[in-house]
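Each residue of the sequence shown is one higher than the one before, counting from 426 in the numbering used here.
Built from N, CA and C at the ideal position, the CB exists for glycine as well.
Note sheet for the following structure.
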Amino acid sequence: QPSTQDDKGTEGDGFDMFLGGETLGLEHEPKKRGKIRFRPGGREFEISLLDGADMSTFQHESAHFFLEVIRDLAGQEGADPGLRADLDALLEWSGLESADQITTEHHEQLARGWEAFLMEERAPGPQLVGVFARFQRWLVALYRELAGSMSRSPTRFGTS
């Protein structure tokens, strides 16, 4: 289950993550640009790009997704040691001892760090260089796969 301090949804419809009235993934600005919503069980999610979205919004929201996925996979029995090491690096950078301590504030810290990595080509901490490089390679592979799928399909992406 995604980490949060204040779930506002119900079990039937999933939930957005909130802290102090802000939806997880939103920059702390008056104009809300995006959000991520995890469905019940935490295995399905939806990223929404709102009217104020800009070029960085999807990347910001993707960092929230990344943190929850790595948290989930690294916590499973028999998890890949590399995933566990990546989660440990994220926890160390955040000043945490356990993934159970992750809050919305930590999510936002990571998402802002990811945006900075993309803009400045510099990880916010030395322990995140490899973690962010692997995440970047995964996203590039995903984009290539989606682009290939879209070019082979007669229907527009996101429509039936």
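- DSSP places GLY573 within a helical segment (H, G or I) once states are collapsed to three.
- Taking the C-beta atoms as reference points, LEU474 is found no nearer than 8 Å to ARG496.
- In the structure shown, the three-state DSSP call for ARG462 is strand.
- Taking all protein chains shown into account, VAL556 has 16 or more neighbouring C-beta atoms within 10 Å of its C-beta and is therefore buried.
- Per the coordinates, the alpha-carbon of MET480 lies some 18 Å from the alpha-carbon of ALA572.
- Linking GLN534 to ALA514 through their CA atoms gives a straight-line distance of about 14 Å.
- Using a Cβ distance threshold of 8 Å, PRO549 and PHE542 count as a contacting pair.
- Excluding the 5 residues flanking it on each side, ILE472 has same chain C-beta neighbours closer than 6 Å at ILE461, GLU486, in chain order.
- Nearest C-alpha to PHE490 among GLU469, LEU508, GLY503, GLN501: GLU469.
- Following the DSSP letters along the chain, one finds ILE495 in no beta strand (DSSP E) but inside the alpha helix (DSSP H) bounded by residues 482 to 499.
- Between ALA524 and GLY507, the C-beta gap is not smaller than 8 Å, which leaves the two residues out of contact.
- GLU471 sits in a strand when the DSSP states are folded into three classes.
- Distances from the alpha-carbon of TRP539 to those of THR482, LEU567, GLU517 put THR482 closest.
- When DSSP states are grouped into helix, strand and coil, PRO551 belongs to the helix group.
- Our two residues, ALA488 and LYS457, have alpha carbons roughly 17 Å apart in a direct line.
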